[in-house]
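Count the sequence shown with the UniProt record's numbering and you get residues 1 to 355, in order.
We put the CB at the ideal spot given by N, CA and C, even for glycine.
On a predicted model such as this, the values are computed, not experimentally measured, just so you know.
Single-structure report; data block below.
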Amino acid sequence: MSIPTSAVAEPSPLYQAWQALRSEQPRLRAREAAERLAVSEAELVASRLGVDAVRLRPEWAALLPALGELGYIMALTRNEHCVHERKGYYREVSVMANGQMGLVVSADIDLRLFLAGWASVFAVEERGERGTQRSIQVFDWQGVAVHKVYMTAESREAAWAPLLERFRDETQDAALALRPRAEPEAPRPDEQVDVAALRQGWAALKDTHHFFALLKKQGAVRTQALRLAGREWAEPLDPGALPSLLETAATRQVPLMVFVGNRHCIQIHSGSVQRLMAMEGWFNVLDPEFNLHLKTPAVQQLWRVRKPSSDGIITSWEAFDAEGELIVQLFGARKPGVAEREDWRALAEEAAALS
Numbered sequence: 001m002s003i004p005t006s007a008v009a010e011p012s013p014l015y016q017a018w019q020a021l022r023s024e025q026p027r028l029r030a031r032e033a034a035e036r037l038a039v040s041e042a043e044l045v046a047s048r049l050g051v052d053a054v055r056l057r058p059e060w061a062a063l064l065p066a067l068g069e070l071g072y073i074m075a076l077t078r079n080e081h082c083v084h085e086r087k088g089y090y091r092e093v094s095v096m097a098n099g100q101m102g103l104v105v106s107a108d109i110d111l112r113l114f115l116a117g118w119a120s121v122f123a124v125e126e127r128g129e130r131g132t133q134r135s136i137q138v139f140d141w142q143g144v145a146v147h148k149v150y151m152t153a154e155s156r157e158a159a160w161a162p163l164l165e166r167f168r169d170e171t172q173d174a175a176l177a178l179r180p181r182a183e184p185e186a187p188r189p190d191e192q193v194d195v196a197a198l199r200q201g202w203a204a205l206k207d208t209h210h211f212f213a214l215l216k217k218q219g220a221v222r223t224q225a226l227r228l229a230g231r232e233w234a235e236p237l238d239p240g241a242l243p244s245l246l247e248t249a250a251t252r253q254v255p256l257m258v259f260v261g262n263r264h265c266i267q268i269h270s271g272s273v274q275r276l277m278a279m280e281g282w283f284n285v286l287d288p289e290f291n292l293h294l295k296t297p298a299v300q301q302l303w304r305v306r307k308p309s310s311d312g313i314i315t316s317w318e319a320f321d322a323e324g325e326l327i328v329q330l331f332g333a334r335k336p337g338v339a340e341r342e343d344w345r346a347l348a349e350e351a352a353a354l355s
């Protein structure tokens, strides 16, 4: 069943400009088209209202669990340099009573949701040569994509129309209350960071989730803390080593946890990686249930990081771009209360640190 759209005499000028651009560059993705047209991706999607999109009510506590009714889907979360796609089921969804945080903790779809930054949501039915692609797309207050859910051939197609009918916004207004992004605070100079207190707090960590609180307490940004922590806890690596780590993990069948996120959503894959391919500046994992697309030239810093916990030392590889933004994190697959895998630790420790 197609999207129940309102009758529109003529598509908006933005939509027409987008279609003209697509006719010239058919493979151009919406994110890239928005950049070319000097608008946000959310504005581009909103221009489709009355054509092949419906605006939904941003009632996250009700909408997120309802996505489970769609059955087997593909969840997509990305940042500027990395795309994480995971197929599975939306199960075990929870939203805090204050509506600020949410979790999806099923075995396949594993998400950390920072809902205060979620602003608008649309259902899209895009018709193409391969049929109709249906998706739910969430955007932040700046119009940047936060999280998307795509129907697959195995999804429950009969659940799509009832879901849209239940959450359809009455106004169907393309206007978005976009806000400028707050300018980040300038990092403190190294000499203003209490390095001794940082190292002491790091050594006292009992849970890796407490790391962000440590950074905030010491007034250090992430890459700065890695530089100041000392080689016991963090070592710089050759940024080009990341594909090699994934290739060796595939060869040895070492199961990983692959974290990719943006300011408002983190998506996690737990399991092995198998089919790897480098292509035109991108390093890709192309497995049946998990795809990763990493823009390798964007990795300007790569760190091997060790954090103490009540389960022992937890080792990760963390990749950052030129602005110090986190691109991707790799851990050995594990559950809370379980020590780190020895095969992952051996693999993570093999690469020589930069001098």
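Output the boundary residues of the beta strand (DSSP E) element that contains residue i.
i, result
"Q329", "L326 to G332"
"W141", "Here W141 belongs to no beta strand (DSSP E), and DSSP marks it neither H nor E."
"T248", "Careful: T248 lies outside any beta strand (DSSP E), inside the alpha helix (DSSP H) at L242 to R252."
"A158", "First-last for A158: undefined, no H or E at that position."
"A319", "I314 to F320"
"A339", "Looking at the DSSP string, A339 is not in any beta strand (DSSP E), and its letter there is neither H nor E."
"L256", "L256 to G261"
If you follow the alpha helix (DSSP H) that residue i is in, where does it begin and where does it stop?
i, result
"A186", "Here A186 belongs to no alpha helix (DSSP H), and DSSP marks it neither H nor E."
"K307", "Counting along the chain, K307 falls outside any alpha helix (DSSP H), though it belongs to the beta strand (DSSP E) covering Q301 to K307."
"Y15", "P13 to E24"
"L64", "W60 to A66"
"L57", "Strictly speaking, residue 57 in this sequence is Arg, with Leu absent from that position. From DSSP, R57 is part of no alpha helix (DSSP H); its letter is neither H nor E."
"R36", "A30 to R36"
"V195", "V195 to A203"
"K206", "Careful: K206 lies outside any alpha helix (DSSP H) and carries neither H nor E."
"E43", "E41 to A46"
"A352", "From DSSP, A352 is part of no alpha helix (DSSP H); its letter is neither H nor E."
"L215", "F211 to Q218"
For the candidate residues the options, whose alpha-carbon lies nearest to that of residue i?
i, options, result
"Q75", "V45, N98, M101 and S106", "Checking the displayed sequence, the identity of residue 75 turns out to be Ala instead of Gln. Here the closest residue by C-alpha is S106."
"N291", "Y72, T77, G71 and R27", "T77"
"E289", "V221, L28 and E85", "E85"
"residue 436", "G312, I314, D321 and M279", "Any question about residue 436 goes unanswered here, given that the chain covers just 1 to 355."
"E280", "Q274, D343 and K295", "K295"
"C82", "R275, L242 and E92", "L242"
"K307", "V93, Q301 and K206", "K206"
"L274", "H293, P297, F114 and L246", "Per the sequence presented here, residue 274 reads as Gln, with Leu not at that position. Selected option, being the one with the closest Cα: L246."
"L14", "L354, A213, A174 and G88", "A174"
"V124", "D110, A97, G102 and A161", "A161"
"R263", "L111, A33, Q192 and Q25", "L111"
"K260", "D108, W344, L330 and T171", "The displayed chain sequence assigns Val, not Lys, to residue 260. Of D108, W344, L330 and T171, the residue nearest in Cα terms is L330."
"Q56", "P11, W118, S23 and A278", "Note that residue 56 corresponds to Leu in the displayed sequence, not to Gln. For the residues P11, W118, S23 and A278, the minimum Cα distance to L56 belongs to W118."
"V54", "Y89, L163 and F114", "L163"
"E340", "L115, P255 and E165", "P255"
"L228", "D194, S23 and L70", "D194"
"E80", "R334, A333, A319 and A17", "A319"
"G324", "R127, A158, P11 and A186", "A186"
"I109", "W60, P65 and R130", "P65"
"T132", "E157, S120, I313 and E183", "E157"
"E92", "N98, A62, A116 and Q100", "A62"
"R222", "R334, R27 and L326", "L326"
"A30", "E183, R181 and V144", "V144"
"Q218", "R334, G68, R188 and E232", "R188"
"G312", "H293, P336 and P297", "P336"
Just mark residue i as buried or exposed, buried being the case when its beta carbon has 16 or more other beta carbons within 10 Å.
i, result
"S310", "exposed"
"A7", "Only weak support exists for where A7 lies, its pLDDT of 47 falling under 50; the coordinates are left without a value."
"Q19", "exposed"
"L226", "buried"
"M1", "Confidence at M1 is low in this model, with a pLDDT of 41, below 50, so the placement of that residue should be treated as unreliable; the coordinate-derived value is given next. Flag for M1 reads exposed."
"D190", "exposed"
"F122", "buried"
"Q200", "exposed"
"G240", "exposed"
"D238", "exposed"
"F167", "buried"
"E349", "exposed"
"A220", "buried"
"Q25", "exposed"
"H147", "buried"
"V354", "A small fix is needed here, since residue 354 is Leu in this sequence, not Val. Exposed, since its Cβ has fewer than 16 Cβ neighbours within 10 Å."
"I268", "buried"
"I314", "buried"
"G128", "exposed"
"S23", "exposed"
Of all the CB atoms in chain C, is at least one closer than 7 Å to the CB of residue i?
i, result
"V299", "Structure shown: chain C not included; a single protein chain is present."
Roughly how far, in whole angstroms, is the beta-carbon of residue i from the beta-carbon of residue j, given that I think they are within contact range, below 8 Å?
i, j, result
"S272", "Q253", "5 Å"
"L198", "A46", "Not really, about 44 Å apart at Cβ, beyond 8 Å."
"A234", "V305", "5 Å"
"A33", "L21", "6 Å"
"L347", "A249", "6 Å"
"G102", "V95", "4 Å"
"D52", "E165", "Contact doesn't hold; Cβ gap of about 16 Å is too wide."
"Q100", "A116", "5 Å"
Taking 8 Å as the threshold, find out whether the segment 134 to 147 comes into contact with the segment 280 to 289 through three or more Cβ pairs. no
Report yes or no: do the segment 40 to 49 and the segment 149 to 157 share at least 3 C-beta pairs separated by less than 8 Å? no
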